[in-house]
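Undergrad: I have a structure I would like to understand better, so I am pasting it below and will then ask my questions one at a time.
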């Protein structure tokens, strides 16, 4: 497993930002090889470092507990507050921790200030400022493998796979046996469907940490991505044998059974994950995975019931982001566009119930809602609403380097261009959003219409080979596999 940010850009400008080698930027190098930690408490330092170790080993709630304990020992430990803000699933805690990190940053070293600025600026919607701070931090400590891992891991969540590869490869030049970097490098290879390379990296990762659950968990996920479901189950079970409380492996069993078509067994596994979830945000997210099994079964009435319950629970428990996600998912499979638009309106409203959702989370989810509104409005014949929603998305995309927002805009714009049979123009947009199965399905059609045979076959293979446990996959990929391939 790796940290999933449910996952960002104006490609030219962000690529330009990374075009300069990281070690050639203007920031002065630090006096030490690694980022220093400003604290008056040896215990707080120990707990902060343990949190980072747990984070690298994907104990994603345990690391929060470590950092919470660290700031109890030293309430002025700014970087611990920053990582609580980055990783916690509690929106109230995130907001308070981010404010503490900002307030304390000036009392720390320049490198720590850049780390805090990276996290805070991204969460506050200043994507360009966050990336700049991240790059300057890396330039200051070019031999700190942990910083390169943290940056690359975050970039993977933003779908910046090429940049993430650079980060992990750099970390491995510092330490060729750095487990965390090997893990993420394997994911990059798998996302590029270079599974032989991915499994080579994963074999090294497992060998380095034979008593840790995450190597087995990651192997299970990569095997699932490759379509080897039985092997995936074996690895997930091996992870749970090492640590029965490694709940993401329990979730992985549910996801794998769902993709295998065994929705009944998937629900059994999801129920276990829900029962043992480490926080409320995860519990609601796992519940959404379970609800999707009813979509895969074609039992839309039960799916509606499940997603509505999750939305209501999210609202009651101050988890507005999960409330919005559940309502958006309800919209995605509706046959009646007007019903879908109703759910999308409620999803958008839920983002404004409280002010604790970070700006970045709010804008990303809003972009997904708007993308769906564009599609359903156009399909229902409400072109005015479709155009208005696309214009809103375009404004957001023009003002942000966030790749989720960029993908939402390009996917929506490409969909409308396909409706107008402007295939070449559509392709230019859709190629900026190739991880979405709806987009891949449209690209297959566009390449067919423009007689781009090689691209057609590549897109079709990617679409048919998609084994991600998402709503988009459930709605598009099984149907695509049942059709005869385009020739």
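In our numbering, the protein residues as written are 39 to 525. All C-beta atoms in this analysis are idealised placements derived from N, C-alpha and C, irrespective of residue type, glycine included.
1) Can you tell me which of 238, 438 and 412 puts its alpha carbon nearest to the alpha carbon of residue 449?
2) Note the first and the last residue of the continuous alpha helix (DSSP H) segment covering residue 289.
3) Tell me whether residue 140 sits in a helix, a strand or coil according to DSSP, three-state version.
4) If residue 161 and residue 405 are in contact, beta carbons under 8 Å, what's the gap, nearest whole angstrom?
5) From which residue to which residue does the alpha helix (DSSP H) around residue 159 run?
6) Tell me the residue span of the alpha helix (DSSP H) that contains residue 231.
7) For the putative contact between residue 307 and residue 95, defined by C-beta atoms under 8 Å, what is the C-beta separation to the nearest angstrom?
8) So which of 503, 508 and 457 has the shortest CA-CA distance to residue 483?
9) By Cβ distance, which residues of its chain are closer than 7 Å to residue 181, with the 5 residues on each side in sequence left out?
10) In terms of residues, what are the limits of the alpha helix (DSSP H) holding residue 425?
11) According to the neighbour-count rule (16 or more other Cβ atoms, all chains shown, within 10 Å of its Cβ), is residue 222 buried or exposed?
12) For the alpha helix (DSSP H) containing residue 106, name the first residue and the last one.
13) Rank 511, 459, 376 and 503 by C-alpha distance to the C-alpha of residue 486 and give the top, closest one.
14) Three-state secondary structure (DSSP) at residue 59?
15) Along the chain, where does the alpha helix (DSSP H) containing residue 342 start, and where does it finish?
16) Buried or exposed: where does residue 489 fall if 16 or more other Cβ atoms within 10 Å of its Cβ makes it buried?
17) Residues in the same chain with beta-carbon distance under 7 Å from residue 78, minus the five sequence neighbours each way, listed in chain order, please.
18) Which residues in the same chain as residue 316 place their Cβ atom closer than 7 Å to its Cβ, once the five residues preceding and following it in sequence are excluded?
19) Sorted by chain position, which residues of the same chain lie with C-beta nearer than 8 Å to residue 326's C-beta, five sequence neighbours on each side aside?
20) Would you grab the beta carbon distance between residue 480 and residue 508 for me? Rounded to a whole angstrom, and I think it's under 8 Å.
21) According to the neighbour-count rule (16 or more other Cβ atoms, all chains shown, within 10 Å of its Cβ), is residue 268 buried or exposed?
22) Quick one: give me the first and last residue of the alpha helix (DSSP H) that residue 208 is part of.
23) Whole-angstrom Cβ separation of residue 165 and residue 474, contact assumed at under 8 Å?
24) Just to confirm my understanding: we take residue 142, look at its own chain, exclude 5 residues before and 5 after, and list those with CB closer than 7 Å. What are they?
25) Just the C-alpha distance for residue 145 and residue 73, rounded to the nearest angstrom, thanks.
26) Between residue 469 and residue 442, is the Cβ-Cβ spacing less than 8 Å?
27) Is the CB-CB distance between residue 274 and residue 256 below 8 Å?
28) Under 6 Å Cβ to Cβ from residue 463, same chain only, skipping five residues before and after it: list those, please.
29) Should residue 258 and residue 277 be called a contact, given that it needs their Cβ atoms to be closer than 8 Å?
30) With a threshold of 16 other CB atoms inside 10 Å of the CB of residue 520, please say whether the residue is buried or exposed.
31) Report, in whole angstroms, the separation of the C-beta atoms of residue 356 and residue 148, which I expect to be a contact under 8 Å.
32) Can you give me the C-alpha to C-alpha distance between residue 139 and residue 179, rounded to a whole angstrom?
33) What residue range is occupied by the uninterrupted alpha helix (DSSP H) comprising residue 516?
34) From residue 436 to residue 176, what distance separates their C-alpha atoms?
35) Going by DSSP in three states, residue 174 sits in which element: helix, strand or coil?
36) Suppose contacts are defined by Cβ-Cβ distances below 8 Å. Is residue 194 in contact with residue 226 by that definition?
TA: By the coordinates alone:
1) Along the chain shown, one-based indexing puts residue 449 at 411. Of the candidates 238, 438 and 412, the one whose C-alpha sits nearest the C-alpha of residue 449 is 412.
2) Residue mapping note: residue 289 aligns to position 251 of the chain shown, counting from 1. Note, residue 289: alpha helix (DSSP H), 285-298.
3) Locating residue 140 in the chain shown gives position 102, counting from the first residue. It is helical.
4) Indexing the chain shown from 1 puts residue 161 at position 123. Indexing the chain shown from 1 puts residue 405 at position 367. Actually they do not touch by this definition, with Cβ atoms about 16 Å apart.
5) Against the chain shown, residue 159 aligns to sequence position 121. Run containing residue 159: 148-161, per the alpha helix (DSSP H) assignment.
6) Position 193 of the chain shown, counting from 1, holds the residue named residue 231. Careful: residue 231 lies outside any alpha helix (DSSP H) and carries neither H nor E.
7) Locating residue 307 in the chain shown gives position 269, where the first residue counts as 1. Locating residue 95 in the chain shown gives position 57, where the first residue counts as 1. Residue 307 to residue 95, Cβ: 23 Å. No contact.
8) Reading the chain shown from its first residue, position 445 is the one you call residue 483. Checking every option, the nearest Cα to that of residue 483 belongs to 457.
9) Working through the chain shown from its first residue, we reach residue 181 at position 143. Excluding residues within five positions, the ones whose Cβ falls inside 7 Å are 71 and 212.
10) Within the chain shown, residue 425 is the residue found at index 387, counting from 1. That run of the alpha helix (DSSP H) goes 421-436.
11) What you label residue 222 is simply residue 184 of the chain shown in a count that begins at 1. Buried.
12) Within the chain shown, the letter at position 68 stands for residue 106. Element bounds for residue 106: 100-111.
13) If you number the chain shown from 1, residue 486 lands on position 448. Answer by Cα proximity: 459.
14) Taking the chain shown and counting its residues from 1, the one referred to as residue 59 is at position 21. Residue placement at residue 59 is flagged as unreliable, the pLDDT there being 36, under the threshold of 50; the coordinate-derived value follows with that caveat. Coil.
15) In the chain shown, residue 342 corresponds to position 304, counting from 1. Note, residue 342: alpha helix (DSSP H), 338-354.
16) Working through the chain shown from its first residue, we reach residue 489 at position 451. Counting Cβ neighbours within 10 Å, residue 489 comes out exposed, since fewer than 16 surround it.
17) Here residue 78 corresponds to residue number 40 of the chain shown, with the count starting at 1. For residue 78, where only same-chain residues beyond five positions count, the Cβ hits under 7 Å are 112.
18) Along the chain shown, one-based indexing puts residue 316 at 278. Excluding positions up to five away in sequence, the list reads 99 and 285.
19) Sequence index remark: in the chain shown, residue 326 carries index 288 (1-based). Excluding positions up to five away in sequence, the list reads 345, 348, 360, 363, 364 and 367.
20) Here residue 480 corresponds to residue number 442 of the chain shown, with the count starting at 1. Here residue 508 corresponds to residue number 470 of the chain shown, with the count starting at 1. Not confirmed; about 17 Å, so no contact.
21) Taking the first residue of the chain shown as position 1, residue 268 is located at position 230. So residue 268 counts as exposed.
22) If you number the chain shown from 1, residue 208 lands on position 170. Taken as a continuous stretch (DSSP letters only), the alpha helix (DSSP H) holding residue 208 covers 199-212.
23) In the chain shown, counting from the first residue as 1, residue 165 sits at position 127. In the chain shown, counting from the first residue as 1, residue 474 sits at position 436. Rounded, the Cβ-Cβ distance is 20 Å, inconsistent with contact.
24) The count along the chain shown starts at 1 and reaches residue 142 at position 104. The residues are 114, 116 and 119.
25) As a first step, residue 145 is located in the chain shown; it is residue number 107 there, counting from the start. As a first step, residue 73 is located in the chain shown; it is residue number 35 there, counting from the start. Between residue 145 and residue 73, the C-alpha separation is close to 15 Å.
26) In the chain shown, the residue the question calls residue 469 occupies position 431. In the chain shown, the residue the question calls residue 442 occupies position 404. Cβ distance not < 8 Å, so residue 469 and residue 442 don't count as in contact.
27) As a working note, residue 274 is residue 236 in the chain shown. As a working note, residue 256 is residue 218 in the chain shown. Not closer than 8 Å, so no.
28) Position 425 of the chain shown, counting from 1, holds the residue named residue 463. Cβ neighbours of residue 463 beyond the five flanking positions: 455.
29) In the chain shown, the residue the question calls residue 258 occupies position 220. In the chain shown, the residue the question calls residue 277 occupies position 239. In contact: residue 258 and residue 277 (Cβ atoms closer than 8 Å).
30) The count along the chain shown starts at 1 and reaches residue 520 at position 482. Burial call: exposed.
31) As a first step, residue 356 is located in the chain shown; it is residue number 318 there, counting from the start. As a first step, residue 148 is located in the chain shown; it is residue number 110 there, counting from the start. About 36 Å separates the two Cβ atoms, so there is no contact after all.
32) The residue given as residue 139 occupies position 101 in the chain shown. The residue given as residue 179 occupies position 141 in the chain shown. Looking at the two C-alpha atoms, the distance is approximately 21 Å.
33) The sequence position of residue 516 within the chain shown is 478, counting from 1. Looking at the DSSP string, the run of the alpha helix (DSSP H) that includes residue 516 is 509-520.
34) Counted from its first residue, the chain shown places residue 436 at position 398. Counted from its first residue, the chain shown places residue 176 at position 138. So the alpha carbons of these two residues sit roughly 27 Å apart.
35) For the purposes of this step, residue 174 is taken as the residue at position 136 of the chain shown. The answer is helix: DSSP assigns residue 174 an H, G or I state.
36) Position 156 of the chain shown, counting from 1, holds the residue named residue 194. Position 188 of the chain shown, counting from 1, holds the residue named residue 226. Their beta carbons are under 8 Å apart, which means residue 194 touches residue 226 by this criterion.
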